[in-house]
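Visitor:
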Amino acid sequence: MSKVYDYIIVGSGVAGITIAKRLLEADPLTSILILEAGPEIPAKNRRFWWDYITLGKTPYDFTYDKPGQAPGNLGNINFISEGARVKAYGGSTMHWGAWALRFKPEDFQLYTNTGKGADWPISYDELEPYYNQAEEYLSVCGDDTENWAPRSKPYPMPAFQWTAADGVMIKAFRKLGIMPGKMPVARYRKCFTTGTCKYCPFGSRFSAQYVLDELRANKRYTNFEVRTSCVVTQVHTSGKNKVESIDVTDNRDKTQTEKYRLQAGRFIICSGAYETPKLLMKSKNEFWKNGIGNDHDHLGRYLISHSMLKVRGRFPTNKERWFQEYDFPTLMSRSYDTPADQDIGKVFLFKNRVLPNMDIAQLMIDGNTPEQIEAVLSGPMELELQAFMEEKGHFDNRLEIMDGEPDEFGLPLTKITFSRTPEEMVNTGIRLKQMEKVIEAMGYAIVYSKTEDPGGHHTTGTCRMGKTAADGVTDLHMKVFGTDNLYLCSNGVFPTGSAVNPTLTLTALSMRLADHLIANQKS
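Once you know that position 6 of the sequence shown is 267 in our numbering, the rest is easy, because the numbers rise by one and skip nothing.
(1) Does M262 come out as helix, strand or coil in the three-state DSSP assignment?
(2) Alpha carbon to alpha carbon, how far is R582 from N618? Give it in angstroms, no decimals.
(3) Using the Cβ count rule (16 or more neighbours within 10 Å means buried), how would you classify D437?
(4) I'd like to know if the segment 459–479 and the segment 351–363 are in contact, where contact means that at least 3 CB-CB pairs between them fall below 8 Å.
(5) In this structure, does DSSP put Y385 in helix, strand or coil?
(6) Can the beta-carbon of F369 be found less than 8 Å from the beta-carbon of S384?
(7) So, using beta-carbon positions, are F821 and G727 closer together than 8 Å?
(8) Once the 5 residues before and after V615 are set aside, which same chain residues still bring their CB inside 6 Å of it?
(9) R283 by DSSP, collapsed to three states: which one?
(10) Please name the residue, chosen from L316, G606, N555 and G333, that lies closest to I691 on a Cα-to-Cα basis.
(11) Mind pulling the alpha helix (DSSP H) runs of 4 or more residues that sit fully within the segment 458–523?
(12) Starting from Q695, trace the alpha helix (DSSP H) both ways and give me its first and last residue.
(13) Between the alpha carbons of M262 and L737, how many angstroms are there, rounded?
(14) Quick one, which of S751, L473, G743 and R595 has its alpha-carbon nearest G561's?
(15) What distance in whole Å lies between the Cβ atoms of E651 and K571, which are believed to be in contact at a cut-off of 8 Å?
(16) Does Y391 come out as helix, strand or coil in the three-state DSSP assignment?
(17) Expressed to the nearest angstrom, what Euclidean distance is found between the alpha-carbon atoms of F434 and P763?
(18) Just how far apart, CA to CA, sit I295 and A525?
(19) Assuming the contact rule is C-beta atoms closer than 8 Å, C724 and L747 should be a hit. Round their C-beta distance to whole Å, please.
(20) Alpha carbon to alpha carbon, how far is I565 from E685? Give it in angstroms, no decimals.
(21) Taking DSSP as the reference, what is the three-state secondary structure of G403?
(22) Rounded to whole angstroms, what's the CA-CA distance from I431 to T591? Just pull it up for me.
(23) In angstroms with no decimal places, state the Cα-to-Cα distance between D714 and P683.
(24) Please report the straight-line C-alpha distance between Y398 and A287, rounded to a whole angstrom.
(25) Assign E367 to one of two classes, buried (16 or more other C-beta atoms within 10 Å of its C-beta) or exposed (fewer than that).
(26) Identify whether D267 lies in helix, strand or coil by the three-state DSSP scheme.
(27) Work out the CA separation of F528 and A281 for me, nearest whole Å.
(28) For A395, does the count of other Cβ atoms within 10 angstroms reach 16, so buried, or fall short, so exposed?
(29) With 16 as the cutoff for other CB atoms within 10 Å, does L290 come out buried or exposed?
(30) Taking DSSP as the reference, what is the three-state secondary structure of K543?
(31) Go ahead and pull the three-state DSSP assignment for I553.
(32) Just to confirm my understanding: we take R522, look at its own chain, exclude 5 residues before and 5 after, and list those with CB closer than 6 Å. What are they?
(33) Hey, how far is the Cα of T720 from the Cα of S594?
(34) Can you find at least 3 beta carbon pairs, one from the segment 386–395 and one from the segment 301–320, that sit closer than 8 Å?
(35) Measure the alpha-carbon distance for G333 versus N629 and round it to whole angstroms.
If you want it as structure tokens, here you go:
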């Protein structure tokens, strides 16, 4: 008889590895199998880092969605998936910017406060202790004096200071009554450069890869296993409430594909907001006619992204010869991320991380003389204010499985329908006008003011938590309604997207789920 694992976890991103780590720390003999559809890509590799520095090429580029694999042109707004998610060992933490911000108390009560979107079945206060633990785990740096959200413990690391180029925008913020803040960043380990290079040769920026490596190397965890290039194609139940097994297509041997079925006591799907609902949609049977957890047609629906707003300004001279010092923003503000802003959509403001862009090395490579380089450095300068704007989940904004051959990893193709209402378009215009005032207060001429198409980087809502099966796919512990042993843990379970990046909240939820599982091991 084949082995029956205590847990099978599908997906090797921050959610899956955080759950596995916590379960193993509680009982080192717990049998856990992590299945990852993508390959293992070497981390902390200097050759890959130089390719990135010189060519702008990362070693995981090939795992991104290709054009046509996830078309998002079925609504009135184009939804972009290319470049949004890494399908590999470690998941999208391989390319994240390490921004680590908490949601705020009102984000958990959106429907109660506005009559729009949805409420969470848990409160901020319930998650707050896990936010503390997640910040410690990721080594988040931040400024304790800012108090953007209630916190019972200080940040584990001090904040990065503002750069010289931030100064003119900080003055404009204060002139307009906007509180300037310092970006919380997951520093993880000692940083040899800036800490968030998009491909780090030192391992200083947090990636789920490093945690997985350490778990696999720990000799106490004799029953822990990771299989990459293994696609889960179907979930099987032996009744309405009992998940019994999963089907796997194993592509590790490039010359021969192997297919088999695996069993476990509990199954946790951590495949992100795209693949998690798609897997359940595919898993139809006599008990679940429309896919597991889909009796109320919630799977893939209520898709939420972040609207990206941008206002760029230009000044005729750069006498101070400012340039962007880090590969991440140090200046941000949550002054428009408040309960009063929920109705039209909260906004998280931050300075563009790449401006002013003065690439002295490239100017030298291009053969410019010292005088020419000096003219560029002291010539016209551009700065840009950007923002993520909160969106509400709409039933008709959805992702579905698209007909056609699977992608190169064996995952089904995706089609996306996404639209903005006329009211939402008006509201983004209101926010852009507020941002334009900042650029004008700086004394800069506006180059452009625009809302970009949404994308898959921060997708939430596609298998959201609810108080009952009528309003969600999972309960407050992320267990699929109607099942006893199937859990979902990804951004997809978020009922709301807030205005800030989701990774810290997902990490906190993962820790909370692991504790729930540990407390109920025998149930």
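Where is the CB? At the ideal position from N, CA and C, for every residue including glycine.
Only a predicted model underlies this, so the values are computations on that prediction, with no experimental measurement involved.
Guide: The answer reads as follows:
(1) Locating residue 262 in the sequence shown gives position 1, where the first residue counts as 1. Note that M262 scores 43 on pLDDT, short of 50, meaning its location in the model is unreliable and no value can be drawn from it.
(2) For the purposes of this step, residue 618 is identified with residue 357 of the sequence shown, where counting begins at 1. For the purposes of this step, residue 582 is identified with residue 321 of the sequence shown, where counting begins at 1. Near 11 Å, if we compare the C-alpha coordinates of R582 and N618.
(3) The residue given as residue 437 occupies position 176 in the sequence shown. It is worth fixing the name first, because residue 437 is Leu in this sequence and not Asp. With fewer than 16 Cβ atoms within 10 Å of its Cβ, L437 is classed as exposed.
(4) yes
(5) Taking the sequence shown and counting its residues from 1, one reaches residue 385 at position 124. Helix.
(6) Counted from its first residue, the sequence shown places residue 369 at position 108. Counted from its first residue, the sequence shown places residue 384 at position 123. Their beta carbons are under 8 Å apart, which means F369 touches S384 by this criterion.
(7) For residue 821 there is no data in the structure shown, the boundaries of the chain being 262 and 784.
(8) The sequence position of residue 615 within the sequence shown is 354, counting from 1. The answer, listed in chain order, is Q585.
(9) In the sequence shown, residue 283 corresponds to position 22, counting from 1. R283 falls in the helix class under three-state DSSP.
(10) Sequence index remark: in the sequence shown, residue 691 carries index 430 (1-based). Ranking L316, G606, N555 and G333 by Cα distance to I691 puts G606 first.
(11) 469–478
(12) In the sequence shown, the residue the question calls residue 695 occupies position 434. Its alpha helix (DSSP H) spans residues P683 to A702.
(13) Within the sequence shown, numbered from 1, the residue matching residue 262 stands at position 1. Within the sequence shown, numbered from 1, the residue matching residue 737 stands at position 476. Per-residue confidence for M262 stands at a pLDDT of 43, beneath the threshold of 50, marking its modelled position as unreliable; the derived number appears in the next sentence. About 35 Å.
(14) Numbered from 1 along the sequence shown, position 300 holds the residue referred to as residue 561. Comparing Cα positions, the closest option is S751.
(15) Position 310 of the sequence shown, counted from the first residue, corresponds to residue 571. Position 390 of the sequence shown, counted from the first residue, corresponds to residue 651. K571 to E651, Cβ: 16 Å. No contact.
(16) In the sequence shown, the residue the question calls residue 391 occupies position 130. Of the three classes helix, strand and coil, the one that applies to Y391 here is helix, per DSSP.
(17) As a working note, residue 434 is residue 173 in the sequence shown. As a working note, residue 763 is residue 502 in the sequence shown. When rounded, the distance between both Cα atoms is 25 Å.
(18) Translated into the one-based positions of the sequence shown, residue 295 becomes position 34. Translated into the one-based positions of the sequence shown, residue 525 becomes position 264. Approximately 12 Å between the Cα atoms of the pair.
(19) Translated into the one-based positions of the sequence shown, residue 724 becomes position 463. Translated into the one-based positions of the sequence shown, residue 747 becomes position 486. Actually they are not in contact, since the Cβ atoms of C724 and L747 sit about 11 Å apart, beyond 8 Å.
(20) Numbered from its first residue, the sequence shown carries residue 685 at position 424. Numbered from its first residue, the sequence shown carries residue 565 at position 304. E685 and I565: Cα-Cα distance of roughly 13 Å.
(21) Residue mapping note: residue 403 aligns to position 142 of the sequence shown, counting from 1. Strand.
(22) Position 170 of the sequence shown, counted from the start, is the residue given in the question as residue 431. Position 330 of the sequence shown, counted from the start, is the residue given in the question as residue 591. The alpha-carbon atoms of I431 and T591 are separated by roughly 11 Å.
(23) Here the question's residue 714 lines up with position 453 in the sequence shown. Here the question's residue 683 lines up with position 422 in the sequence shown. C-alpha separation (whole angstroms): 15 Å.
(24) Reading the sequence shown from its first residue, position 137 is the one you call residue 398. Reading the sequence shown from its first residue, position 26 is the one you call residue 287. So the alpha carbons of these two residues sit roughly 16 Å apart.
(25) Reading the sequence shown from its first residue, position 106 is the one you call residue 367. With 16 or more Cβ atoms within 10 Å of its Cβ, E367 is classed as buried.
(26) Here residue 267 is taken as the residue at index 6 of the sequence shown, counted from 1. The answer is strand: DSSP assigns D267 an E or B state.
(27) By 1-based counting over the sequence shown, the position of residue 281 is 20. By 1-based counting over the sequence shown, the position of residue 528 is 267. Their backbone Cα atoms lie some 12 Å apart in a straight line.
(28) The count along the sequence shown starts at 1 and reaches residue 395 at position 134. Answer is buried; the Cβ neighbour count reaches 16.
(29) Along the sequence shown, read from residue 1 onward, the residue named residue 290 stands at position 29. It is exposed - the Cβ of L290 has fewer than 16 other Cβ atoms within 10 Å.
(30) Sequence index remark: in the sequence shown, residue 543 carries index 282 (1-based). K543 falls in the helix class under three-state DSSP.
(31) Walking along the sequence shown from the start, residue 553 turns up at place 292. I553 falls in the coil class under three-state DSSP.
(32) As a working mapping, residue 522 is identified with position 261 in the sequence shown. So the list reads S506 and D508, once near-sequence residues are dropped.
(33) The count along the sequence shown starts at 1 and reaches residue 720 at position 459. The count along the sequence shown starts at 1 and reaches residue 594 at position 333. Going from the Cα of T720 to the Cα of S594 covers about 22 Å.
(34) no
(35) By one-based count along the sequence shown, residue 333 stands at place 72. By one-based count along the sequence shown, residue 629 stands at place 368. Cα to Cα, G333 sits roughly 43 Å from N629.
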